[in-house]
Amino acid sequence: MLQNQRFCVIEDDEIMRESLRDRFELEGFECDCFATAKGAMEQIGRKHYTVIISDIRLPDMNGEELFKQLIAREPFLPPWLFITAYGTVDRAVSLLKLGATDYITKPFDLDELIEKLQSLSSHPNQNFVPEIAPILGISSTMRKITETLPRLAKQANRILITGESGVGKEVVAREIHRLNPKRAEHPFVAVNCGALPENLLEAELFGFEKGAFTGAFRNKKGLFEQAHKGTLFLDEIGDMPKAMQVKLLRALQEQRVTRIGGEEEIPVDIHLICATHQDLKTMVEQGTFREDLFYRIHLIHLRIPPLRERKEDILWLAQRFLEEYASQACECRKLITAEIEQLMLSHPWPGNVRELRNAIERACILSEGGELESHALFDQSAQQTQSLLCASDSLSGFLHTCERSFILQAITRHNWHMGQTAQHLGISRKNLWEKMKKLDISANVAGDSE
Numbered sequence: 024m025l026q027n028q029r030f031c032v033i034e035d036d037e038i039m040r041e042s043l044r045d046r047f048e049l050e051g052f053e054c055d056c057f058a059t060a061k062g063a064m065e066q067i068g069r070k071h072y073t074v075i076i077s078d079i080r081l082p083d084m085n086g087e088e089l090f091k092q093l094i095a096r097e098p099f100l101p102p103w104l105f106i107t108a109y110g111t112v113d114r115a116v117s118l119l120k121l122g123a124t125d126y127i128t129k130p131f132d133l134d135e136l137i138e139k140l141q142s143l144s145s146h147p148n149q150n151f152v153p154e155i156a157p158i159l160g161i162s163s164t165m166r167k168i169t170e171t172l173p174r175l176a177k178q179a180n181r182i183l184i185t186g187e188s189g190v191g192k193e194v195v196a197r198e199i200h201r202l203n204p205k206r207a208e209h210p211f212v213a214v215n216c217g218a219l220p221e222n223l224l225e226a227e228l229f230g231f232e233k234g235a236f237t238g239a240f241r242n243k244k245g246l247f248e249q250a251h252k253g254t255l256f257l258d259e260i261g262d263m264p265k266a267m268q269v270k271l272l273r274a275l276q277e278q279r280v281t282r283i284g285g286e287e288e289i290p291v292d293i294h295l296i297c298a299t300h301q302d303l304k305t306m307v308e309q310g311t312f313r314e315d316l317f318y319r320i321h322l323i324h325l326r327i328p329p330l331r332e333r334k335e336d337i338l339w340l341a342q343r344f345l346e347e348y349a350s351q352a353c354e355c356r357k358l359i360t361a362e363i364e365q366l367m368l369s370h371p372w373p374g375n376v377r378e379l380r381n382a383i384e385r386a387c388i389l390s391e392g393g394e395l396e397s398h399a400l401f402d403q404s405a406q407q408t409q410s411l412l413c414a415s416d417s418l419s420g421f422l423h424t425c426e427r428s429f430i431l432q433a434i435t436r437h438n439w440h441m442g443q444t445a446q447h448l449g450i451s452r453k454n455l456w457e458k459m460k461k462l463d464i465s466a467n468v469a470g471d472s473e
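Quick note on my numbering: the sequence shown kicks off at 24 and runs consecutively.
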């Protein structure tokens, strides 16, 4: 039955449009009809439609372009049925590959259309999706990466992921783990190699025996053991101390670990994924990263580009984050206005996807109406940037002031907890202390909870 359903019809032919409206109303459901793509775009997202029915040829924008724009804007579209002439069947088929649900050719029988709508309405979550669903983004770069992940998950047991902080390296790593048929049911274990000093990192990775050192009151499995049969994700491996690199290399070569204070060699079977924001090849040339370890972890290399290089993903990701926030907060999803879209597309996003997620969440909290408000998205960062520019007479002075302000904000946010701050910034504790000394930031040692 089609009762209590709302359908969206986009058809420029008035006779066809009204015929569809009349027949649909006889079937007992609501119908919003639009003669142009622009008119439909203003309502899709504001209202919940069971199915969208659209002609491929429209006066202001063809149906293909409309569909692509809405995919970018609305990550959770309802089933989409295209109306097409025989001459454009090939285009309709290509739209199915992009994610459209089905098509019907003109001239068609209204009973046939009703039958299709009944099927789609009865199974709203079984609409077709793209050949590879966009998990990471809809840009060509991210689609290509997404398409390679199933093959990498099955065949590559050592993967290096590089990219700036906040681009989503751990998200990619978790997706690879999820797609691995042998390891998905086993643990995904992650550690930030730059957030722990060398002695603690060794204990975390390899574990320890009771009495191995002061405070070792019991035996503890290391992360290698915890990740047995699963995936071990070593984030910011470029920050790993040189001495630890030797121990890691040995463990990877022998596929065995020995706990601190122990003698038994424990076999481990892991899928290793490493990540870094640094250029490891340059570090090898400079002697700060071991060449043999570099080639050991560098079987497959994935580079995740920064958000500013894939602007097509910005609005798509923003819609995903809006949907997630609305679901978690049990609220109606707020709308992104044309003004907000332009602001987001023109922003450089130095913090990448992480910054975008935080901006959307902040805007959802601070925006009072049903739409995101610009002041809630960017006002603080804009004011801070302006004050930094005014306070600096030179480029070096501006960079010094900017870096000091950024690090001080991070330290304050984490209540002077050096380990958490270093992890947030994507640097080692040692690097953090050196920067604090250089930038004349006094450490509140009493507030460090480590």
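The beta-carbon is built from N, C-alpha and C at its ideal position, and this holds for glycine as well. The structure displayed is predicted, hence computed values, not measured ones.
From Asn438 to Leu431, what distance separates their C-alpha atoms?
Counting from 1 along the sequence shown, the entry for residue 438 is found at position 415. Counting from 1 along the sequence shown, the entry for residue 431 is found at position 408. Computed Cα separation, rounded: 10 Å.
Segment limits, beta strand (DSSP E) that includes Phe478
Only positions 24 to 473 of the chain appear in this structure, which leaves residue 478 out of reach.
Residues that DSSP places opposite Arg29 in a beta bridge:
Within the sequence shown, the letter at position 6 stands for residue 29. According to DSSP, Arg29 bridges with Glu53.
Between the C-alpha atoms of Val307 and Arg273, what's the straight-line distance to the nearest angstrom?
To locate residue 307, count along the sequence shown from 1; it is residue 284. To locate residue 273, count along the sequence shown from 1; it is residue 250. Spanning the two alpha carbons is a distance of roughly 18 Å.
If you measure between the beta carbons of Asn203 and Ala239, is that distance less than 7 Å?
Your numbering for residue 203 matches position 180 in the sequence shown. Your numbering for residue 239 matches position 216 in the sequence shown. Taking C-beta atoms as the reference points, Asn203 and Ala239 fail to come closer than 7 Å.
Have a look at Arg356 and Tyr348 and give me their C-alpha separation to the nearest angstrom.
In the sequence shown, residue 356 corresponds to position 333, counting from 1. In the sequence shown, residue 348 corresponds to position 325, counting from 1. Straight-line measurement puts the Cα of Tyr348 at about 8 Å from the Cα of Arg356.
When you compare only the Cα positions, how much space is there between Ser4 and Leu93?
Nothing in the structure corresponds to residue 4, since the chain is present only between 24 and 473.
Nearest-angstrom Cβ-Cβ length linking His324 and Leu183, presumed shorter than 8 Å
For the purposes of this step, residue 324 is identified with residue 301 of the sequence shown, where counting begins at 1. For the purposes of this step, residue 183 is identified with residue 160 of the sequence shown, where counting begins at 1. Between Leu183 and His324 the Cβ distance is about 5 Å, and since that is below 8 Å, they are a contact.
Apart from the five residues on each side of it in sequence, which residues of its chain come closer than 8 Å, Cβ to Cβ, to Leu366?
Looking up residue 366 in the sequence shown gives position 343. If we look at Leu366 and ignore the five residues flanking it on each side, its Cβ neighbours are Ser397, Leu400 and Phe401.
Assuming Arg29 and Asp55 make a contact with CB atoms under 8 Å, what is their CB distance in whole Å?
Here residue 29 is taken as the residue at index 6 of the sequence shown, counted from 1. Here residue 55 is taken as the residue at index 32 of the sequence shown, counted from 1. In this structure, Arg29 and Asp55 form a Cβ contact; the two beta carbons are roughly 7 Å apart against a cut-off of 8 Å.
Put Asn242 into one of helix, strand or coil per three-state DSSP.
For the purposes of this step, residue 242 is taken as residue 219 along the sequence shown, with counting starting at 1. Taken through DSSP and simplified to helix, strand or coil, Asn242 comes out as coil.
What is the DSSP secondary structure of Lys192, reduced to helix, strand or coil?
Residue mapping note: residue 192 aligns to position 169 of the sequence shown, counting from 1. Note: Lys192 maps to helix in three-state DSSP.
Taking 7 Å as the cut-off, decide whether the C-beta atoms of Arg333 and Ser162 are in contact.
Sequence index remark: in the sequence shown, residue 333 carries index 310 (1-based). Sequence index remark: in the sequence shown, residue 162 carries index 139 (1-based). Closer than 7 Å, so yes.
So who's on the other strand from Pro290, going by DSSP bridges?
Along the sequence shown, one-based indexing puts residue 290 at 267. Beta-bridge partners of Pro290 (DSSP): Arg279.
Reference Arg452; option with closest CA among Lys70, Cys216 and Gly186
Taking the sequence shown and counting its residues from 1, one reaches residue 452 at position 429. The residue with the shortest Cα to Cα distance from Arg452 is Cys216.
Can you tell me whether Leu223 is buried or exposed, with buried defined as 16 or more other CB within 10 angstroms of its CB?
Your numbering for residue 223 matches position 200 in the sequence shown. Per the 10 Å Cβ criterion, exposed.
Tell me whether the beta-carbon of Asp83 lies closer than 7 Å to the beta-carbon of Lys61.
Numbered from its first residue, the sequence shown carries residue 83 at position 60. Numbered from its first residue, the sequence shown carries residue 61 at position 38. The Cβ-Cβ distance between Asp83 and Lys61 falls below 7 Å.
Beta-carbon spacing of Ala58, Ala218 below 7 Å
Your numbering for residue 58 matches position 35 in the sequence shown. Your numbering for residue 218 matches position 195 in the sequence shown. Their beta carbons are not under 7 Å apart, which means Ala58 does not touch Ala218 by this criterion.
Among Gln278, Asp132, Gly261 and Asn381, which has the Cα closest to the Cα of Thr299?
On the sequence shown, residue 299 is found 276 positions in, with the first residue counted as 1. Scanning Gln278, Asp132, Gly261 and Asn381 for the CA closest to the CA of Thr299 turns up Gly261.
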